[in-house]
Structures are given as structure tokens and as C-alpha cells.
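Residue 1016 is where the sequence shown starts when you use this note's numbering, and the numbers rise one by one after that. Where is the CB? At the ideal position from N, CA and C, for every residue including glycine.
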Amino acid sequence: MDALTQPPSLLGVGYSIRATSPEFDDLGAKLDEAERLGVDFVELPIFAWTLVVNGKILADRLKRLVEATRDRPFGYTVHGPLAINLMDQPAKLPRHEALLKAALEIAGAVGAVNMVMHAGCVREQESDIEVAYKRQRDALATAGDVAAANGTTLCVENVFRFERMRETPLPSRLAAELDALDHPHVRATLDVSHAYLRCTDARVPLLPELVALAPFAKHVHVHDSFGRPLESWAIDDGERLGLGEGDLHLPLGWGDIPWADITRQCVLAPGAVVNLELHRRYWSELPEQIGVLRRLGADFAATAGLAAA
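1. Write down every uninterrupted run of the beta strand (DSSP E) in the segment 1232–1275 whose length is 3 residues or greater and which is fully enclosed by it, in chain order.
2. Would you mind giving the Cβ-Cβ distance between Val-1057 and Phe-1089, rounded to the nearest angstrom? I have them listed as a contact below 8 Å.
3. Since Leu-1196 and Arg-1152 should fall inside the 8 Å C-beta cutoff, what is the C-beta to C-beta distance between them, to a whole number of angstroms?
4. Using a Cβ distance threshold of 8 Å, determine whether the segment 1274–1283 contacts the segment 1252–1261, with at least three qualifying pairs required.
5. In the DSSP assignment, what are the bridge partners of Tyr-1030?
6. Helix, strand or coil, according to DSSP, for Glu-1182 in the structure here?
7. Quick check on Leu-987: does DSSP put it in helix, strand or coil?
8. Secondary structure at Ile-1099, three-state DSSP: helix, strand or coil?
9. Is DSSP giving His-1111 helix, strand or coil here?
10. Between Asn-1129 and Glu-1048, what straight-line distance do the alpha-carbon atoms span, to the nearest angstrom?
11. Give the secondary structure of Asp-1216 by DSSP, where H, G and I count as helix, E and B as strand, and everything else as coil.
12. Give every residue of the same chain whose Cβ lies closer than 7 Å to the Cβ of Arg-1309, excluding the five residues on either side of it in the sequence, and list them in chain order.
13. When the Cα atoms are used, what is the spatial distance from Arg-1157 to Leu-1258?
14. With a Cβ-Cβ cutoff of 8 Å, do Asn-1290 and Val-1237 count as a contact?
15. Could you pull the DSSP bridge partners for Gly-1090 from this structure?
16. Look at the alpha carbon of His-1294 and the alpha carbon of Leu-1265, and state the distance between them as a whole number of angstroms.
17. When the Cβ atoms of the segment 1071–1080 are set against those of the segment 1096–1112, are three or more pairs found closer than 8 Å?
Have a look at this one:
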């Protein structure tokens, strides 16, 4: 089959490395590990590194990051700052937008194909939810232009309600927001476990929500859980694991997410990256998980009529 007749493909599979030093001086060893494991992408946790001060990039540190990431046999995605909330109050929004712009510029500097940011949320009781969604759409339109200028795609990730949130979008609502925006450089990160938790909270079925967001997903976060919101007091992650509660970031197959049903029904966007987000306490499972991840990626590709990476 020649290049003109080849089907579109998934870009590949990868995993998120975990930050252990804000100076990212241990990054080389982490990238060496990824090279040994033979993945297609590594997701960089720029939210945890000392790179941005009050919306301004520290140029010397960015230069060190670019040098540390070059000349590797894989590509990059980036997880932007988790604190960005484009549904926040208008007085706070400029800070969020400045941080998002800086993060997109960092993503462009390291050649990341996708940059992940969390969907917004409404906390304040006086906030009008539909007005907050409009603020987010307007801010995303601007950010999409910044993403395009930096050669990356901004991928908005579905999350779940925590810390007394009134609202964060279900996957189907996020799909509707992205469809209304219709910006080629603003797509979705479909986080399956986050969707499971949000759907449990909202008492709606999981699979239709995933199916709705999948066509917008240029990025997929996979990790396992039981879809059970954190309800019990616990002091250690081991206790939460024992209870099966919360956003556990388990190895694939440890929870009860119906992966076979999901890969059969979810049609991802061409060029999607399937990325494993594993909690650091389960890092010993990573080598075995890469094979599981490859099979999952192949199953997603088959359903979408795509070539596997």
C-alpha cells in the first residue's frame, strides 16, 4: 500500500513521566527509560516544573528544557498547568490566560504535538454557569490561535467534580462546547477514568458520554479506577486503593473500567495519541503496561478504521 492509499493512523502511544524535581535535573534518566521501553511519545509535566513566574517564561530554564528533550526517538506531548480555569471569575481570568499562553509557548518550544489542559469549573455560588461556559469558549478561541502559532493542539481534558465544584462539563457537554467553537487547534483529551468518576457523580451512563467526546479526542488519557468518588477519610494512597475510591491512576486492568466495550464503541479522531497516566506508586508495573497500552491503542485504531502506530 503506497503512501497515498494508506489509512490515517493513530500518532502513537506514550506515557506521562512523573516530576520528582522542580528543576527537571533528573529528566535525562526518565527519557532514557522511555527510550528503552520503545514508546512513541512522552508526556512532559510542565505544570510541576519551575518554568513560569506570574505568566512569564523563565528563558534560561526553557532553554535547558529544550536541550534536555532534543535528539530522542520519540515525540512529546505536554500537560499544562492544572490550575488554569477558563470558567473562573472575569477578574481572575487574565492570570489564567497568561499562564495558558506561556504553557503553549513552552509546548511549541519542545515540539509537542498536543498540550493538555483541564476543562474549566465553577465554584462560586454567585457564578452563572452558562456565562462561565461562554467565557471559556471565548478564551479557548484565543488560545487556539496561540496553539496554532506554536505548532501544537490544545486538548481540553474532561475532569470530575472535587473541592465543592458546582460544575465541570460532562464529556458530552465538553463535546458540544468544542463543536460550537469549531477551532482546528482546540480539541479534546478524553480521560476515561475521569469520565467514569464524573458519570458516577451525575448518575448517567458512561459509554454514551465517552462515545460523544471520542470524535473530538486528539489525545486520550488511560488509567484504571472503579469510578467511585472519594468519600472516605484516608491518610495514604494505599488506603484509597484498598477502598477503591477516587482518581487512583491504576495500571490498566486493575480497576473495572470496561476497556473492551470502550474500544469497540469509541471512534477517536485521526492522529490521536493514547497516553498512559500511571501513579508513581505503581511504576514497577510500567514495563508490562506498555504491551497492554499497545494492544489498547490497536483496538482503538481498529474501531476508528485507523492504522495502529
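Put simply:
1. 1232–1237
2. 6 Å
3. 5 Å
4. No, because fewer than three Cβ pairs between the segment 1274–1283 and the segment 1252–1261 fall closer than 8 Å, the two stretches do not touch.
5. Val-1057, Leu-1291
6. strand
7. Here the chain has residues from 1016 to 1324 only, and residue 987 is not among them.
8. coil
9. helix
10. Straight-line Cα distance between these residues: approximately 21 Å.
11. helix
12. Val-1028
13. Going by the sequence as given, residue 1157 is Thr instead of Arg. Their backbone Cα atoms lie some 42 Å apart in a straight line.
14. yes
15. Phe-1056
16. 6 Å
17. no
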